[in-house]
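Trainee: Before I ask anything, let me first share the structure, which is written out below as structure tokens.
Chains as they are written, first to last, in the numbering used here: chain A, 1 to 274; chain B, 1 to 253.
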């Protein structure tokens with residue numbers, strides 16, 4: 001029999017949020033395996049394979065550039081501006097959408113076997129990080145073509161990605177916990193995502209929204225803060241102010257903590273619903 | 001191999017104490033948040049509670065083969081879900097020592113695009129094993145499943161028998177502390193079924209606790225030492241397997 005026998009006792013009331021962290025560490029190889037599955041199965045049968053991750057933002061960028069480049073007066077190259085924003089936004093939109101799907105897909109397994117309930121959501125974030133690394137390739141190509149300079153501020157890029165990942169994880173957890181009880185959230189989410197994209201300066205410069213609602217529309221939009229940080233260190237070649245940086249951090253990790261606590265608190269009820 | 005009962009540990013493998021599971025069934029299905037909010041405000045949401053398990057207390061020792069009998073809807077599946085930690089009890093206490101393996105459906109979680117090896121890793125990690133542990137067992141798993149070079153081919157090229165064999169092979173590669181057997185094994189040809197029951201026998205001998213859920217009274221009375229009888233979520237009887245089987249037979253006829 002196993003040497004390190006674990007005891008499960010439902011009467012021990014440890015905080016579910018902390019219990020989940022311990023379980024995730026125990027099942028970390030499962031999360032790695034789920035990421036591998038997602039990457040392999042996505043690209044195995046398509047002819048261009050992993051290239052699609054790179055072609056996707058490139059295609060959208062070209063369309064957007066043709067349509068909008070005349071419309072918005074931009075400093076610097078519009079294609080480089082838009083692909084930077086798109087890579088950041090796509091990372092968020094794809095991971096959160098995939099996380100919702102994984103809850104529906106995983107409900108079958110959740111009924112059969114004990115797994116940390118956050119495992120599937122965590123793995124979609126992991127897959128998203130792999131994908132965003134691949135999508136940096138077309139970004140570099142466009143930067144080279146448009147002769148957009150990259151400064152040493154690029155060293156903050158991993159932190160910008162980490163912040164978006166933390167926000168996407170927290171947001172996915174909230175969404176996933178809600179979708180178990182209200183399945184129609186899955187239908188609603190693409191609409192929300194679409195609206196969110198147009199309310200966030202992604203295809204147009206942020207100056208256009210600067211004075212809407214006295215600037216509060218931008219200030220209260222966490223996605224704006226995070227995408228801005230991402231763009232600042234790559235496209236603009238500037239450092240964020242300390243205040244900007246702390247706000248972005250607070251929004252992303254605040255959402256993560258709220259999402260984690262909310263999800264793990266609801267998780268015990270999941271099996272009663274799905 | 002020692003088969004005598006006296007050499008087996010007498011410690012508790014798991015126990016349930018006054019465990020109740022009550023499902024809340026809303027009168028109508030409420031499909032959207034908007035409607036939910038409206039009805040909530042109007043106080044129109046009414047729930048019927050359904051007691052799937054009603055104050056169940058069972059204690060099972062390590063190494064015991066314990067049977068669970070009951071008609072459809074008696075609460076057997078709910079009991080298994082509570083033990084598999086899939087369902088958290090509404091009331092009462094569940095205490096489990098060690099890893100529980102539900103052999104509910106073989107190959108759940110397999111992915112058709114991945115190779116046999118990748119699927120073994122995926123399934124093994126789903127059962128809570130590390131990549132290192134799986135790597136060590138991989139040759140034995142492939143060997144037991146008898147799928148030869150197909151282990152490197154995508155799962156979609158497998159026959160259903162091969163898939164079931166691989167699933168069984170992964171799920172039983174490690175000796176679990178507690179094994180849940182929900183149905184009579186029926187994978188592959190007669191020779192493979194024989195291999196499966198040999199492996200089950202091996203589990204018993206190495207001291208694993210087996211929980212057998214079956215409609216077959218004969219199977220429970222011949223394989224199990226003790227059994228429990230459930231009816232409408234209540235525990236009707238616990239005790240000697242043949243006694244309980246007799247009681248069940250009287251109940252259904």
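Every residue, glycine too, gets a C-beta built ideally from N, C-alpha and C.
Less than 8 Å between CB atoms is the rule here; does residue 248 (chain B) satisfy it with respect to chain A?
Mentor: Not one chain A Cβ lies under 8 Å of residue 248 (chain B).
Trainee: Helix, strand or coil for residue 44 (chain A)? Go by DSSP, reduced to three states.
Mentor: It is coil, neither helix nor strand.
Trainee: So the candidates are B:134, B:114, B:57; which of them puts its Cα closest to the Cα of residue 152 (chain B)?
Mentor: Of the candidates B:134, B:114, B:57, the one whose C-alpha sits nearest the C-alpha of residue 152 (chain B) is B:114.
Trainee: If you follow the beta strand (DSSP E) that residue 108 (chain A) is part of, which residue opens it and which one closes it?
Mentor: Segment 78-110 is the alpha helix (DSSP H) holding residue 108 (chain A); no beta strand (DSSP E) there.
Trainee: Determine the DSSP secondary structure at residue 177 (chain B), reduced to helix, strand or coil.
Mentor: Residue 177 (chain B) falls in the coil class under three-state DSSP.
Trainee: Does DSSP classify residue 71 (chain B) as helix, strand or coil?
Mentor: Coil.
Trainee: When burial is assigned at 16 or more other CB atoms within 10 Å of the CB, is residue 67 (chain A) buried or exposed?
Mentor: Classification of residue 67 (chain A): exposed, given that the 10 Å Cβ count is below 16.
Trainee: Go to residue 96 (chain B), then tell me how far its beta strand (DSSP E) extends in each direction, as first and last residue.
Mentor: 91-97 is the extent of the beta strand (DSSP E) around residue 96 (chain B).
Trainee: Is there a C-beta anywhere in chain B that falls below 8 Å from the one on residue 22 (chain A)?
Mentor: No, because no Cβ of chain B sits closer than 8 Å to the Cβ of residue 22 (chain A).
Trainee: State whether the stretch 84-94 of chain B contacts the stretch 117-136 of chain A, with contact taken as three or more CB pairs (one from each stretch) at a distance under 8 Å.
Mentor: Flag = no, the stretch 84-94 of chain B and the stretch 117-136 of chain A do not touch.
Trainee: CB of residue 59 (chain B) to nearest heavy atom of the ligand SAM: below 7 Å?
Mentor: With respect to the ligand SAM, the structure offers nothing, as it holds no ligand at all.
Trainee: Determine which residues share a DSSP beta bridge with residue 170 (chain A) and list them.
Mentor: Bridge partners of residue 170 (chain A): none, in fact.
Trainee: Can you tell me which of the three DSSP states residue 86 (chain B) falls into?
Mentor: Here residue 86 (chain B) sits in coil by DSSP.
Trainee: With 8 Å as the C-beta to C-beta threshold (strictly closer), list the residues of the stretch 25-57 of chain A near chain B in chain order.
Mentor: So the list reads 26, 27, 29, 30, 32, 33, 34, 36, 37, 40, 41, 44, 45, given in the order they occur along the chain.
Trainee: Under 8 Å between beta-carbons, which chain A residues line up against residue 167 (chain B)? List them in chain order, please.
Mentor: Neighbours of residue 167 (chain B) on chain A: none; closest Cβ ~12 Å, over 8 Å.
Trainee: Tell me which residues share the same chain as residue 253 (chain A) and place their Cβ nearer than 6 Å to its Cβ, disregarding the 5 neighbours each side in the sequence.
Mentor: Result list for residue 253 (chain A): 166, in chain order.
Trainee: What are the start and end residues of the alpha helix (DSSP H) that includes residue 135 (chain B)?
Mentor: Element bounds for residue 135 (chain B): 131-145.
Trainee: With a cut-off of 8 Å, does the C-beta of residue 94 (chain B) fall near any C-beta of chain A?
Mentor: Taking Cβ atoms only, chain A reaches closer than 8 Å to residue 94 (chain B), which makes this a yes.
Trainee: Determine the direct distance from the alpha carbon of residue 239 (chain B) to that of residue 202 (chain B), and round the result to whole angstroms.
Mentor: Cα to Cα, residue 202 (chain B) sits roughly 25 Å from residue 239 (chain B).
Trainee: When burial is assigned at 16 or more other CB atoms within 10 Å of the CB, is residue 14 (chain A) buried or exposed?
Mentor: Answer is exposed; the Cβ neighbour count stays below 16.
Trainee: So, are the CB atoms of residue 234 (chain A) and residue 150 (chain A) less than 8 Å apart?
Mentor: Yes, the Cβ-Cβ distance between residue 234 (chain A) and residue 150 (chain A) is below 8 Å.
Trainee: Of all Cβ atoms in chain A, is any one closer than 8 Å to the Cβ of residue 102 (chain B)?
Mentor: At least one chain A Cβ lies under 8 Å of residue 102 (chain B).
Trainee: Which residues of chain A have a Cβ atom closer than 7 Å to the Cβ of residue 87 (chain B), listed in chain order?
Mentor: The contacting residues are 271.
Trainee: Taking Cβ-Cβ distances shorter than 7 Å, what residues in chain A pair up with residue 137 (chain B)?
Mentor: By Cβ distance, chain A contributes nothing, its closest Cβ being about 14 Å from residue 137 (chain B), past 7 Å.
Trainee: Let me know the secondary structure DSSP gives residue 213 (chain B) once reduced to three states.
Mentor: Strand, per DSSP.
Trainee: Smallest Cα separation from residue 225 (chain A): which of A:88, A:56, A:28, A:17?
Mentor: The option with the nearest alpha carbon to residue 225 (chain A) is A:88.
Trainee: Does DSSP put residue 18 (chain A) in a helix, in a strand, or in coil?
Mentor: The answer is helix: DSSP assigns residue 18 (chain A) an H, G or I state.
Trainee: Tell me, please, whether the CB atom of residue 191 (chain A) is closer than 8 Å to any CB atom in chain B?
Mentor: Taking Cβ atoms only, chain B never reaches closer than 8 Å to residue 191 (chain A), which makes this a no.
Trainee: Taking only the alpha-carbon atoms, compute the straight-line gap between residue 3 (chain A) and residue 99 (chain B) and give it to the nearest angstrom.
Mentor: Annotation note: pLDDT 44 at residue 3 (chain A) (below 50); position unreliable, coordinate value reported separately. Approximately 11 Å, taken between the alpha carbons.
Trainee: One question on the structure: do residue 83 (chain B) and residue 96 (chain B) come within less than 8 Å of each other, judged by their Cβ atoms?
Mentor: Yes, Cβ-Cβ distance for residue 83 (chain B) and residue 96 (chain B) is below 8 Å.
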